[in-house]
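Each remark here refers to the structure printed beneath this line.
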Amino acid sequence: MIVEDEAVTRTALAVLLEHQGAIVISVGSIQEGIQALQSGFQPDLLVSNIRLPDGNGARVLEAIRQQDAEYKRQTPAIALTGEAIEMIRHDPDSAGFEIYLPKPYDSEILLTTIARLMSDRARE
Numbered sequence: 527m528i529v530e531d532e533a534v535t536r537t538a539l540a541v542l543l544e545h546q547g548a549i550v551i552s553v554g555s556i557q558e559g560i561q562a563l564q565s566g567f568q569p570d571l572l573v574s575n576i577r578l579p580d581g582n583g584a585r586v587l588e589a590i591r592q593q594d595a596e597y598k599r600q601t602p603a604i605a606l607t608g609e610a611i612e613m614i615r616h617d618p619d620s621a622g623f624e625i626y627l628p629k630p631y632d633s634e635i636l637l638t639t640i641a642r643l644m645s646d647r648a649r650e
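Quick note on our numbering: the sequence shown kicks off at 527 and runs consecutively.
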């Protein structure tokens with residue numbers, strides 16, 4: 527699942543992941559992300575912007591973590607941010623993501639990070 531308010535970035539992320547064989551649901555807001563989860567969607571991965579017009583992207587992660595508890599799983603989560611990584615990482619409102627990457631993101635680093643997170647998840 528991609529949560530990104532910038533349409534160009536959202537589309538680029540979706541295309542990048544689809545070219546790797548992923549089935550992608552991309553949304554432009556926290557509300558849309560939560561609605562997708564409430565409709566029964568269970569993501570294998572979250573890539574979310576932190577600062578969105580309707581709040582902090584960690585709200586979608588919180589909803590996913592509630593779903594994870596019910597299904598006894600741990601969905602990997604990557605935060606994308608245009609802000610200083612160290613500030614975001616220590617912001618309690620942005621906690622819970624395994625990885626924090628800067629925007630603009632590097633496609634190769636993002637794909638390598640996703641591969642590592644998914645590999646770690648498969649071993650659990």
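All C-beta atoms in this analysis are idealised placements derived from N, C-alpha and C, irrespective of residue type, glycine included.
Determine which residues share a DSSP beta bridge with residue i and list them.
{"i": "residue 604", "result": "573, 625"}
{"i": "residue 552", "result": "528"}
{"i": "residue 581", "result": "578"}
Excluding the 5 residues flanking residue i on each side, which residues of the same chain have their C-beta closer than 8 Å to its C-beta?
{"i": "residue 624", "result": "602, 603, 604, 643"}
{"i": "residue 622", "result": "584, 587, 588, 591, 603"}
{"i": "residue 560", "result": "585, 586, 589"}
{"i": "residue 532", "result": "575"}
Which same chain residues end up closer than 7 Å to residue i when comparing Cβ atoms and leaving out the 5 residues on each side of it in sequence?
{"i": "residue 594", "result": "600, 601"}
{"i": "residue 557", "result": "580"}
{"i": "residue 495", "result": "The question about residue 495 has no answer here: the residues shown for the chain are numbered 527 through 650."}
{"i": "residue 631", "result": "606"}
{"i": "residue 629", "result": "606, 607, 608"}
Considering only residues of the same chain and omitting the five flanking positions on each side of residue i, which have a CB-CB separation below 6 Å?
{"i": "residue 571", "result": "602"}
{"i": "residue 552", "result": "528, 536, 540"}
Any heavy atom of the ligand SAH within a distance shorter than 7 Å of the CB on residue i?
{"i": "residue 595", "result": "Judged by which ligands are present, the structure shown has none, so any question about the ligand SAH falls away."}
I think residue i touches residue j, with their Cβ atoms under 8 Å apart; what is that distance to the nearest whole Å?
{"i": "residue 542", "j": "residue 645", "result": "Going by Cβ atoms, the distance from residue 542 to residue 645 rounds to 18 Å, so no, they are not a contact pair."}
{"i": "residue 627", "j": "residue 635", "result": "7 Å"}
Given a threshold of 16 other Cβ atoms within 10 Å of its Cβ, counted over all protein chains shown, does residue i qualify as buried or as exposed?
{"i": "residue 573", "result": "buried"}
{"i": "residue 565", "result": "exposed"}
{"i": "residue 638", "result": "exposed"}
{"i": "residue 562", "result": "buried"}
{"i": "residue 530", "result": "buried"}
{"i": "residue 569", "result": "buried"}
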